[in-house]
Amino acid sequence: MTTAAPPTRELPPLLRLRTRSAAVLAIVSAVGLVAYAWPFVVSPGAALDTSHGGDAPWFFVILLPLLAAVVVAELSSGGMDAKAVAMLGMLAAIGAALRALGPGAAGLEPSFIVIVLGARVFGRGFGFVLGALTLFSGAMITGGVGPWLPFQMFAAGWVGLFAGMLPRWRGRREIALLAAYSIVAGLAYGMLLNLWFWPFAAYAPEVTYVAGDPVAANLHRYAVFWATTSLGWDVPRGILTATAVVLAGKPVLGALRRTARRAHFT
Amino acid sequence: MRPMRTVDSPGYARPLHPGAWWLWAIALGAAASRTTNPILCLLILAMAGFVVMARRSRAPWAYAYGAFLKLGLIIIAVRIVLQAVLSSQSQGIHVIVDLPQIPLPAWAAGLKLGGLITWEAVLIAFSQGLQLATIICCVGAANALASAQRLLRSVPGALYEVGVAAVVALTFAPQLVADAVRVRSAQRLRGYDGGRLGGMRRTAMPVLEGALGRSVELAAAMDSRGYGRTTEEAVGARRLTAGLVFGGVLGVAVGLYGLLDASVSGWLGLPMLGAGCLGAAAGLVVGGRRTRRTRYRPDPWALPEWLVVASGIGCAVAFFVVASRDPAAAVPPYPLDIPQVTVLALVGALLGALPAVLAPPPPDRRAASAVNAEPATAAGEEVAT
Chain A
206 MTTAAPPTRE LPPLLRLRTR SAAVLAIVSA VGLVAYAWPF VVSPGAALDT SHGGDAPWFF
266 VILLPLLAAV VVAELSSGGM DAKAVAMLGM LAAIGAALRA LGPGAAGLEP SFIVIVLGAR
326 VFGRGFGFVL GALTLFSGAM ITGGVGPWLP FQMFAAGWVG LFAGMLPRWR GRREIALLAA
386 YSIVAGLAYG MLLNLWFWPF AAYAPEVTYV AGDPVAANLH RYAVFWATTS LGWDVPRGIL
446 TATAVVLAGK PVLGALRRTA RRAHFT
Chain B
21 MRPMRTVDSP GYARPLHPGA WWLWAIALGA AASRTTNPIL CLLILAMAGF VVMARRSRAP
81 WAYAYGAFLK LGLIIIAVRI VLQAVLSSQS QGIHVIVDLP QIPLPAWAAG LKLGGLITWE
141 AVLIAFSQGL QLATIICCVG AANALASAQR LLRSVPGALY EVGVAAVVAL TFAPQLVADA
201 VRVRSAQRLR GYDGGRLGGM RRTAMPVLEG ALGRSVELAA AMDSRGYGRT TEEAVGARRL
261 TAGLVFGGVL GVAVGLYGLL DASVSGWLGL PMLGAGCLGA AAGLVVGGRR TRRTRYRPDP
321 WALPEWLVVA SGIGCAVAFF VVASRDPAAA VPPYPLDIPQ VTVLALVGAL LGALPAVLAP
381 PPPDRRAASA VNAEPATAAG EEVAT
């Protein structure tokens with residue numbers, strides 16, 4: 206049943222990203238980005254600014270699950286075969302088990318290493334679905350489903366998507382590249398995820414969202430908020446993932462690629 | 021009139037449809053989003069907790085409500101510290117304590133360390149934090165009551181593949197932890213007792229290799245059972261799906277732009293967004309038709325499900341009416357007054373607690389564990405037509 210490994214170095218992606226899926230993913234990602242960053246782009250007097258003032262964050266909490274369902278259905282509609290489903294399920298299980306062991310304690314997100322390395326080997330479309338599904342299954346196992354889940358799924362999906370789009374270097378450069386990416390991804394993930402509850406928060410005026418203020422003023426307040434509350438969690442997350450990539454990247458990548466070749470039966 | 025079926029009886033022990041629990045919990049959360057009255061928030065919190073205690077199974081996730089309660093306490097504490105203690109906003113006149121103040125650098129203007137702390141600031145922070153904590157705990161009630169694996173069985177057809185992947189993940193994740201324990205005890209038997217880091221690597225790699233090997237075996241098993249055979253899709257249906265999904269997503273994007281920008285006309289906002297959402301949802305439904313499958317023992321949606329959803333919606337409607345008719349009871353204007361409670365709000369909160377008797381009791385432990393083991397076969401249960 207198992208045929209010999211193909212002579213090509215590059216394995217075909219497990220989940221082909223067709224033009225239509227890529228376009229839907231792009232639009233939904235743009236909308237998703239707005240769901241995080243709307244406090245900065247809403248113009249004074251707009252519908253989200255006044256009539257829905259206090260409810261605007263909940264509005265995105267309702268909208269995002271539908272968008273996540275649509276984009277995941279679209280990505281998998283190109284024909285996800287049994288190998289992609291089994292690999293996706295198994296990698297998400299590893300990520301979810303890691304999440305259950307250390308569920309965000311001190312910002313440590315050990316499942317990131319699975320998302321980054323899995324996306325690297327199996328491609329960007331697979332990476333997006335893997336990131337979203339890992340967070341979803343982790344929340345299901347630990348009973349952590351909440352309004353934050355769709356936001357986490359989108360952000361982790363992007364972590365996987367961009368990990369699958371990195372340049373195709375090999376050897377030591379690949380490990381260095383992935384480690385550097387992990388640090389950036391860890392920081393960006395934290396910076397994005399604070400945004401979903403930031404407008405709820407009525408803290409001190411210097412760190413609170415003020416509707417209708419200029420973008421620069423709100424950005425500065427958010428930067429202070431991020432630096433004083435979240436940076437201490439985001440930096441360890443990035444560094445831990447990068448360390449794990451440096452220490453275990455080579456054997457894990459090797460194991461994933463070996464499995465991809467073994468699974469190359471049709 | 022239709023004769024009463026066994027599943028319609030509230031006394032017949034069976035797990036309630038997880039969708040019903042989620043709708044009930046979301047409705048309770050919506051009710052809590054209308055009020056910052058601490059008495060009403062505590063009432064909703066107590067009612068949700070009462071239903072959880074009465075109707076939870078003995079599955080591991082059934083204890084999630086306690087974790088969500090702790091999270092709620094953290095939310096309230098953080099809120100009070102940040103808003104009442106660290107903020108230099110004008111605070112009120114009833115002083116609790118006057119702490120010595122430490123000057124802060126200019127970039128942190130608006131923050132303070134120490135200084136006046138007043139009852140008004142603490143109570144406002146408490147009631148706002150309590151509202152958020154109540155909404156979070158309503159979601160926690162759904163987490164405790166609804167089985168994730170049962171919920172995944174009713175995903176729409178377009179999400180079937182990913183749903184199967186999620187079932188695979190949920191089934192194998194606990195096994196991986198068991199694998200890790202097994203590998204580690206095997207190493208200990210061989211006399212290996214290295215450092216933590218080396219130990220991690222020596223455990224992680226065998227577990228990973230085992231999981232990857234298992235995924236290849238699972239894929240082969242699914243392939244040989246005809247997994248993923250889809251009926252040939254008509255060109256027209258494919259174009260319809262593409263058009264609906266693409267148009268829907270574009271509509272959402274344009275509608276959102278209309279909501280964010282004040283200068284565009286009104287129809288670009290909510291109507292466009294609603295149309296886009298409908299289009300995208302229709303795309304999900306139509307796209308799901310490309311594979312026709314039978315469901316193995318589908319969860320029934322019978323009278324108790326309707327009653328549970330109705331009790332949640334009744335609670336939400338009562339709170340929305342209170343918020344519009346009697347704003348002072350929903351959002352107390354002055355924090356030091358004892359909050360008013362209207363009869364309608366009390367009735368609403370009690371309506372939300374009705375599932376404690378309306379929902380069927382969960383099956384006993386032995387039956388529950390049999391049900392939990394059953395979705396493991398979900399990957400192989402598909403019947404392609």
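Chain order of the listed sequences is A and B. If you're matching positions, the first sequence starts at 206 in the working numbering and goes up one per residue. If you're matching positions, the second sequence starts at 21 in the working numbering and goes up one per residue. Cβ atoms here follow ideal geometry from the backbone N, Cα and C, with glycine treated the same way. Since this is a predicted model, take the numbers as computed values, not measurements.
- DSSP places residue 135(B) outside any alpha helix (DSSP H); the residue lies instead in the beta strand (DSSP E), whose first and last residues are 133-138.
- In this model, residue 375(A) and residue 389(A) are separated by some 20 angstroms (Cα to Cα).
- Membership of residue 119(B) in the beta strand (DSSP E) is indicated by the continuous run 115-122.
- Contact of residue 139(B) with chain A is not assigned, every C-beta pair being separated by 9 angstroms or more.
- In the three-state DSSP reduction, residue 286(A) falls in the coil class, being neither helix nor strand.
- A Cβ of chain B is located within less than 9 angstroms of the beta carbon of residue 293(A).
- For residue 180(B), the enclosing alpha helix (DSSP H) starts and ends at 180-209.
- Residues of the segment 285-299 of chain B with a Cβ closer than 9 angstroms to any Cβ of chain A, in chain order: 286, 289, 290, 293, 297.
- Cα atoms of residue 241(A) and residue 27(B): separation of roughly 43 angstroms, rounded to the nearest angstrom.
- For the segment 228-246 of chain B, residues whose beta-carbon sits nearer than 8 angstroms to a beta-carbon of chain A comprise 228, 229, 231, 232, 233, 234, 235, 236, 238, 239, 240, 242, 243.
- With respect to the 9 angstroms criterion, residue 420(A) and residue 236(A) are not classified as neighbours on the basis of their beta carbons.
- Taking CB atoms only, residue 441(A) has no neighbour in chain B less than 9 angstroms away.
- For residue 386(A), the closest alpha carbon among the candidates 401(A), 399(A), 369(A) is that of 369(A).
- For residue 325(B), the number of other beta carbons within 10 angstroms of its own is at least 16, and it is reported as buried.
- The residues 168, 169, in chain order, have a CB closer than 7 angstroms to that of residue 190(B) in the same chain once the five nearest residues on each side in sequence are set aside.
- Residue 291(A) sits away from residue 197(B), with the two beta carbons spaced by 9 angstroms or more.
- Residues of chain A whose Cβ lies closer than 8 angstroms to the Cβ of residue 224(B) are, in chain order, 453.
- Close to residue 179(B), with beta-carbon spacing below 7 angstroms, are these residues of chain A in chain order: 274, 277, 278.
- Comparing alpha-carbon positions, the option among 301(B), 199(B), 171(B), 63(B) lying closest to residue 298(A) turns out to be 199(B).
- Listed along chain A, the residues sitting closer than 8 angstroms to residue 192(B) by beta-carbon distance are 294, 295, 298.
- Assignment of residue 243(B) by DSSP, reduced to helix, strand and coil, places it in the helix class.
- Chain A places no beta carbon closer than 9 angstroms to that of residue 41(B), leaving this residue out of the contacts.
- The contact set of residue 225(A) on chain B, defined by CB atoms closer than 9 angstroms, consists of 262, 265, 266 in chain order.
- Residue 346(A) sits away from residue 393(A), with the two beta carbons spaced by 9 angstroms or more.
- Its chain contains 153, 156, 157 as the residues whose beta carbon lies nearer than 6 angstroms to that of residue 92(B), once the 5 sequence neighbours on both sides are disregarded; these appear in chain order.
- At least one C-beta of chain A is nearer than 9 angstroms to the C-beta of residue 221(B).
- Excluding residues up to 5 positions away in sequence, 344 lie with their Cβ nearer than 6 angstroms to the Cβ of residue 354(A) in the same chain.
- At least one beta carbon of chain B lies nearer than 9 angstroms to the beta carbon of residue 351(A).
- Under the 9 angstroms criterion on CB atoms, residue 156(B) is classed as interfacial with respect to chain A.
- Three or more Cβ pairs closer than 8 angstroms define a contact, and the segment 352-366 of chain A meets that threshold against the segment 329-342 of chain A.
- Boundaries of the alpha helix (DSSP H) harbouring residue 427(A): 420-430, taken from the DSSP string.
- From the beta-carbon of residue 134(B), no residue of chain A is found nearer than 7 angstroms; the closest lies around 13 angstroms away.
- In chain order, 275, 278, 279 make up the part of chain A whose C-beta sits under 9 angstroms from the C-beta of residue 303(B).
- Contact annotation: residue 395(A) and residue 436(A) have beta-carbon atoms nearer than 9 angstroms.
- Inter-residue distance for residue 139(B) and residue 343(B) is about 25 angstroms (C-alpha atoms, whole angstroms).
- Under the Cβ distance rule, residue 403(A) does not count among the residues neighbouring chain B, no pair being separated by less than 9 angstroms.
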